[in-house]
Structure formats: C-alpha cells, structure tokens
Amino acid sequence: MSDAPDMSGDKPKPGDEGEKPKPPPNPQSTPSTSASAGSVPVLDFGAEWLRGEGELSDVLLSSRVRLARNLAGRLFATKATRRDRQATLDISREWLMRAELVPQLIWVDLHASSPLDRALLVERHLISKNHSKGKGTNPNDDPRGVAISVPDERLSIMINEEDHLRIQAIRSGLALTHAWSDIDSIDDKIESQLDYAYSPRFGYLTACPTNVGTGVRMSAMLHLPALRLTGELEKVKRAAQDMSLAVRGFYGEGSEAVGDLFQISNQTTLGKSEQQIVQDLEGDILPKVVEYERLARRELLAKRRVGLEDQVWRAWGALAHARLMNTDEAMQALSLVRLGVTMGLLRTPSDFPDLRTVNQLMLLVQPAHLQRAVGRELDQEQRRVARASLLRAKLGRSKS
Amino acid sequence: MKCDHCDKDATVHELSVHNGVKIERHLCEQCAEQFGISVRPQQQITDLIKHYVMKQGLTPVVPPMAQPMRANQCPACKTTYQDFKQHGLLGCSDCYKSFEGQLMPLVERAHDGGQTHVGKTPLRASRANTEVDDIAIRALREHRMERLRVLRHELDQAIRDERYEAAARLRDQLRQVESEGGVA
Chain D
150 MSDAPDMSGD
160 KPKPGDEGEK
170 PKPPPNPQST
180 PSTSASAGSV
190 PVLDFGAEWL
200 RGEGELSDVL
210 LSSRVRLARN
220 LAGRLFATKA
230 TRRDRQATLD
240 ISREWLMRAE
250 LVPQLIWVDL
260 HASSPLDRAL
270 LVERHLISKN
280 HSKGKGTNPN
290 DDPRGVAISV
300 PDERLSIMIN
310 EEDHLRIQAI
320 RSGLALTHAW
330 SDIDSIDDKI
340 ESQLDYAYSP
350 RFGYLTACPT
360 NVGTGVRMSA
370 MLHLPALRLT
380 GELEKVKRAA
390 QDMSLAVRGF
400 YGEGSEAVGD
410 LFQISNQTTL
420 GKSEQQIVQD
430 LEGDILPKVV
440 EYERLARREL
450 LAKRRVGLED
460 QVWRAWGALA
470 HARLMNTDEA
480 MQALSLVRLG
490 VTMGLLRTPS
500 DFPDLRTVNQ
510 LMLLVQPAHL
520 QRAVGRELDQ
530 EQRRVARASL
540 LRAKLGRSKS
Chain A
729 MKCDHCDKDA
739 TVHELSVHNG
749 VKIERHLCEQ
759 CAEQFGISVR
769 PQQQITDLIK
779 HYVMKQGLTP
789 VVPPMAQPMR
799 ANQCPACKTT
809 YQDFKQHGLL
819 GCSDCYKSFE
829 GQLMPLVERA
839 HDGGQTHVGK
849 TPLRASRANT
859 EVDDIAIRAL
869 REHRMERLRV
879 LRHELDQAIR
889 DERYEAAARL
899 RDQLRQVESE
909 GGVA
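Respectively, the protein sequence lines represent chains D and A. So the first sequence is numbered by our numbering: it starts at 150 and just counts up by one. So the second sequence is numbered by our numbering: it starts at 729 and just counts up by one.
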C-alpha cells in the first residue's frame, strides 16, 4: 500500500472536469503561504483521510487525534479580551509558520474569511463549528485562525478555539498509532518554543475540565450501515458508552449520524496515558466494532441478499438519475452505494466508483463544497438541482 | 400512542410509583422536556457539567488546604465558581488551584475516577508552572503502583489461561508504566 503523502499528482478521473475548483494560488513558491480572504486553497482532494485506504478501511474511514493545549500565563478564551486573543493569535501564527512543522503549511485568518470558506473548512473537518462561529456575536470580529498542512490536510492547528491551540492529525483507515506519533512530534516542536500551561497533578490545563490531563481525544470515523440495517446499532452505542467512549455523528458533538457515519472517541483524559488510549481503541475496541459491522454485512448477504441488492441498486439509481437531491438523501444513498462497493454488489469496476470516489462524494455533496464546486452561492433549492447534476456527472453513465 | 398532553406521538414513557400507586406517563419529546425529563441521549458536554454542578448546589466544598480563602473567585483571573457553573469553562490555568476542592468531584466523575495526570509531560515545562505539589506526586505514585499491581495480576492470569497475545500486550503495558515511573 502506498503511503505517499502527496496526492496532488493523481490523475483526474473521467468526469472530474468541470467540478474542479480553481487551483490554489501557486502555493509551491514558499514553504508556507497565507490564504487571503475568500479563497481557501484546500479543495484539490489531497485530503489524505478520504483515500479509502489503510487498515479496515471498508468500515473505518479515518483515525483522528487531537490535542488541547493552552499557553502558559495567558487567560483562557472565556476571560481573554479581544486584545489578548489577538496576541495569542499573533504569537502562535508567527511561530507556527516559521517552525517547518510539515513540508507545507497554509494559514487562514478565520475572522477575515467568508462564511462560505469557513463552512467549507468545517465540512472538511479542518475546523470545528464553534471555531467557525467564533466568540461573541460577530464572526468577523474575533481574532482566530487555523494552520493546515497541504495538500494532505493531515495536520490542522486551530488557534483561539475553546483552548489556545487545538492540534489535530488525521489519517486514512485505522492508524491511531501513526496519527498519535505524528501529533506527538508536532507537539514537541511547538512546545520547544511556546510554554504550555501544565501542572504535574492535572497535566495539560484546558479551559474545560473534561479535557484536562492528556488533553487528547482520539477518534475513528466508522461507516456502519449494516449494523443500522440489522438493528444492532443501539447495542454498539450502549457498549461504547459503558466503556466511557463517546459516539457522535459525522460532524461531531451534537450532530446527526448522516450517511451511517459515526465517530467513536475516548472521553477520559485524566489518569490514562496516550499510549493506553491508543491501545484500548486500536488494539481492542475499534477492530471489534469493525468485525461486528462486517459480520452484519455477511449476515445481510446470506439472509437478505435480494433485499440488500435492491436497496443498493435503488440508491445507485437515485444518485445516477435524480434531478433534485438534498444533502441527507444524497448521504443516505451514498452510504448504501459505499456498502455495495465494499461488498462487491456493484460489480464492474469500470462503471462503478471506487471507495475513494464515494468517500469524496460524501464531502462534495455538502452545501459549502457544492457551492465551491459550482463557483457561486446557491440557495437551498438551487443546491438540490446542482447536487443532483453533480452526482449524475460523477456517477451517471450518460453525462447529461 | 399519543402524548398525554398534546396530539403528538408519545416517545417518552415514564413509570413511577407513589405510595404504592403506579403512575404511567406517556409524553412526546417536547412535553417531556417541559416536565423536566431529559430525553436527549447525547448531551452537550457543557450541559452535562452545568447540570452536574447545579445538582451539587451552591455550598462549596472547602478544599482541605485552600490557600487563598476566597475560594469562590480565582485571584488570577477573577473568574467565579458561578461563572464556571454557567459556561462550563475555566478562566485561566490558576482556576484549577483556586477551585480545586469544588472541581475534584466533577473531574473524577468526568474521567472515570481519574485523579492525577498520567502520560505525556512537556519537555520543558517551565519551573513556575510546575511548582511541585507533594500531595499530587504522592497520589501519582500511588496511582502508578495500583496500575502496576493490576497489570501484573492480569498478566499472571493471562499466562495461566494461555492467552499469550494478551499476555504480550500486558507485558508491554507493564514496561510502559514502569518506564513512566523512571521519569516521574
């Protein structure tokens, strides 16, 4: 399995033309670039976690580790004035962009970005919804930003979210060990220049005591359609909760599980080392959940094959032919098609998409991505039309 | 089944016994919320804290060695415990010391009983930041000893049961914890 971080050299697939956004404003020249307002250069699908590769990737899309860190001697977000926040932003930005943490890091000032760009970053899991909104009432008046490694988008560092720094590393498939070692060394480098708020007793001090200690949240994005279809999902959720794990939807805290996508993550951050959390999740819990989903898939195939095929092909039909499509419907259909692809129910490879294409489509049908692809703002009704036509172009046999 | 109070479908069912009399209530989500029955399975973390802290009531647990006796306000950032209750967020790193007594039950609950930090330590945690707290260190050590004890026990068990894969994993964990001891 290739592990090349640079995905930009991939050949475009047929049907790619037309949806491709404008290329980023020549990021090659300098190791680090700042994105000007109105254009976030992160849409050429470098996003490594969408590749559909890596261990257990038929079920487990991606592994994510995030660290909550605060700078010593600085007020946390609730108490910090605008000036304090500006200072935190300036110091962090100044240093992060010089540190050569990764081959190429871009910076986005979120207070200077358009709502559409911010929504785009949320959809790509590069910033949180809260970070997009900012503190206070005016999202354009709260100094905050994000540094993103491009083109792989494996690393993102939010400044002035709930904590001064929120560092995240994402990888495709089950790869928490890798993601942890990525972020661990990044964290070391940052810490060699910026003092963190830390106490021997409580560990890394965070604005919310639920994150204190390691400040680490490790999570996996899982696609669990067969467990839903067989009605076993509640069992998994209950078991996870019994083990102090959180189960959330595609877009994290408080979000719905659209497209049968779920995030499972640790909640305990005090009294448990990072290695132990990795081991618990990667060595034990996650493979079990994956195996459970696979078992449910085999069951479906053995006992309800025609019914399942019918659902998958109907979903395919809707995606390839519908004229109006809202986000939830598209996600639900893509979920079934993804299931069909992994189970070999959609057989001829030349006609049907690979896992990576389906993963990417799950992002492309989101409102901000759709508008970015079309190149202008659309209201809800226009989006339904544009979404259906994008899906037809990507998946339909006749490209009409 | 319809909600007892409106025309919507009842999704929340409550059975309570008062003086030996069974009382059933069938409510829709909205009505249930009005009656103070929480139905949302995934509460926001801040709500959780708020509810938890609210339940604790206003009487602060006086920390055993509270240095500044104004336990209800952090001297460094002027955050009050009331503020924390409202937002679920602390104002600065000193808040952890200022509200230690009040925070501890909440912290333990949020972290499955975890009381002291185990894991990564900043390479150059500044001295000012890490004024060594004897109690904390002792607690840390005790915690480590307890973990070592549990791990050794599990390892013995695994070997007895001939679960060698598990045993190998436990051995690695043991080494890990032992090496952490060297640092602390």
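Think of the CB as a built atom: it goes at the ideal place given N, C-alpha and C, for glycine as much as any other residue.
- Under the DSSP assignment, Gly294(D) falls in the beta strand (DSSP E) whose first and last residues are 294-298.
- The alpha-carbon separation between Gln758(A) and Leu512(D) amounts to approximately 33 Å.
- Close to Asn219(D), with beta-carbon spacing below 9 Å, are these residues of chain A in chain order: Cys820, Ser821.
- For Trp465(D), the enclosing alpha helix (DSSP H) covers residues 454-470.
- Between the alpha carbons of Cys734(A) and Ala406(D) lies a gap of roughly 29 Å.
- Using a C-beta cut-off of 8 Å, the region 381-389 of chain D makes no contact with the region 234-251 of chain D, since fewer than three inter-stretch Cβ pairs fall below that distance.
- In this structure, the alpha-carbon of Asp503(D) lies about 45 Å from that of Phe225(D).
- Within the region 240-286 of chain D, the complete alpha helix (DSSP H) runs of at least 4 residues fall at 264-272, 278-282.
- One Cα belongs to Thr230(D), the other to Ala804(A), and the distance between them is close to 15 Å.
- Within chain D, the C-beta atoms nearer than 7 Å to that of Val846(A) come from Gly420, Lys421, Ser422, in chain order.
- Per DSSP, reduced to three states, the secondary structure at His313(D) is coil, with no helix or strand assignment.
- Assignment of Gly408(D) by DSSP, reduced to helix, strand and coil, places it in the helix class.
- About 6 Å separates the CB atoms of Thr844(A) and Gly420(D); that is less than 8 Å, so the two are in contact.
- Using a CB distance below 8 Å, the part of the region 874-897 of chain A facing chain D consists of Arg897, ordered along the chain.
- One thing to note: Gly816(A) has its Cβ no nearer than 9 Å to the Cβ of Gly352(D).
- C-alpha of Arg505(D) to C-alpha of Ile887(A): approximately 43 Å in a straight line.
- The beta carbon of Leu378(D) sits closer than 7 Å to those of Leu449, all from its chain and outside the five residues before and after it, given in chain order.
- In the three-state reduction of the DSSP assignment, Asp737(A) falls in the strand class.
- For Ser538(D), no beta strand (DSSP E) run applies; the uninterrupted alpha helix (DSSP H) run containing it begins and ends at 529-544, by DSSP.
- In terms of CA proximity to Thr476(D), Arg536(D) leads the group Arg536(D), Thr417(D), Ala221(D), Arg443(D).
- For the set Lys386(D), Arg387(D), Ile255(D), Ile413(D), the Cα lying nearest the Cα of Phe399(D) is the one of Ile413(D).
- Around the CB of Tyr892(A), fewer than 16 other CB atoms lie within 10 Å, so the residue is classed as exposed.
- For Glu381(D), the secondary structure class from DSSP, reduced to helix, strand or coil, is coil.
- Spanning the alpha carbons of Ala296(D) and Leu270(D) requires a straight line of approximately 11 Å.
- With the criterion set as a beta carbon lying under 7 Å from some beta carbon of chain A, the members of the region 345-358 of chain D are Tyr345, Ala346, Tyr347, Ser348, Pro349, Arg350, Phe351, Gly352, Leu354, Ala356, Cys357, Pro358, in sequence order.
- Interface residue (Cβ-Cβ distance to chain D less than 9 Å): Val749(A) is not classified as such.
- Straight-line spacing of the CA atoms in Ala838(A) and Cys823(A) works out to 17 Å.
- Straight through space, the alpha carbons of Lys278(D) and Asp333(D) are spaced by roughly 25 Å.
- Judged by DSSP secondary structure, Leu483(D) falls within the alpha helix (DSSP H) whose first and last residues are 476-491.
- Shown here, His754(A) sits in a strand according to DSSP, grouped into three states.
- DSSP, read as helix, strand or coil, puts Val361(D) in coil.
- With fewer than 16 other CB atoms across the displayed protein chains lying within 10 angstroms of its CB, Asn747(A) is exposed.
- Under DSSP, Val745(A) takes part in a beta bridge, and its partners are Lys750(A).
- For the region 365-396 of chain D, the beta-carbon criterion of a distance under 7 Å to any beta-carbon of chain A is satisfied by Ser393.
- Only those residues of the region 330-346 of chain D whose C-beta falls short of 8 Å from the nearest C-beta of chain A are listed: Asp333, Asp336, Asp337, Glu340, Ser341, Asp344, Tyr345, Ala346.
- Residue range 828-838 is occupied by the alpha helix (DSSP H) that includes Arg837(A).
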